[in-house]
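K.L.:
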Amino acid sequence: MAVQKGLLIHWWHYYGRLIYTLAELEEFEKIIDDYGVDKVLDAAVASYICRDGSPTIILMSIRKGAIKELFESLPDVSKMGDEEQKQYQKVREAFIRAISQTA
């Protein structure tokens, strides 16, 4: 499933649990442009796997100036075994379906 920037922005607004500023929203949009939709989606899926599913970890990383560290801490899906990749793709697709239903 291909994800576009607009769906991630919807996720930011709809699933966000904290109040954020316009500057933080603009920074989130810049992060999508700089790191790419797939990498930001990986961070969103990691949040979902941890039973949160919100953009809080990204917002807190923006506030602490730790976006680079956040993305460096994510697992490299390409280095996972075949079975792990299949499981990851199932979770990723479930997450995309869930947020797409509220868009």
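Going by this note's numbering, the sequence shown opens with residue 300, and the numbers climb by one from there. Where is the CB? At the ideal position from N, CA and C, for every residue including glycine. All figures in this text were calculated on a predicted structure; none of them were measured in a lab.
Would you say the stretch 353-360 touches the stretch 309-325, given that touching needs at least three Cβ pairs under 8 Å?
P.N.:
Yes, the stretch 353-360 touches the stretch 309-325.
K.L.:
So, helix, strand or coil for methionine 359, using DSSP?
P.N.:
Here residue 359 refers to the residue found at position 60 of the sequence shown. Helix at methionine 359.
K.L.:
Less than 9 Å separating the beta-carbons of lysine 367 and valine 336?
P.N.:
As a working mapping, residue 367 is identified with position 68 in the sequence shown. As a working mapping, residue 336 is identified with position 37 in the sequence shown. It is not a contact, given that the beta carbons lie outside the stated cut-off.
K.L.:
Any idea what DSSP makes of alanine 301, helix, strand or coil?
P.N.:
Residue mapping note: residue 301 aligns to position 2 of the sequence shown, counting from 1. Coil, per DSSP.
K.L.:
So the alpha helix (DSSP H) serine 377 belongs to, where does it begin and stop?
P.N.:
The residue you call residue 377 lines up with position 78 of the sequence shown. Taken as a continuous stretch (DSSP letters only), serine 377 belongs to no alpha helix (DSSP H), as it is neither H nor E.
K.L.:
Does the beta-carbon of serine 377 have 16 or more other beta-carbons within 10 angstroms, so that it is buried, or is it exposed?
P.N.:
In the sequence shown, counting from the first residue as 1, residue 377 sits at position 78. Flag for serine 377 reads exposed.
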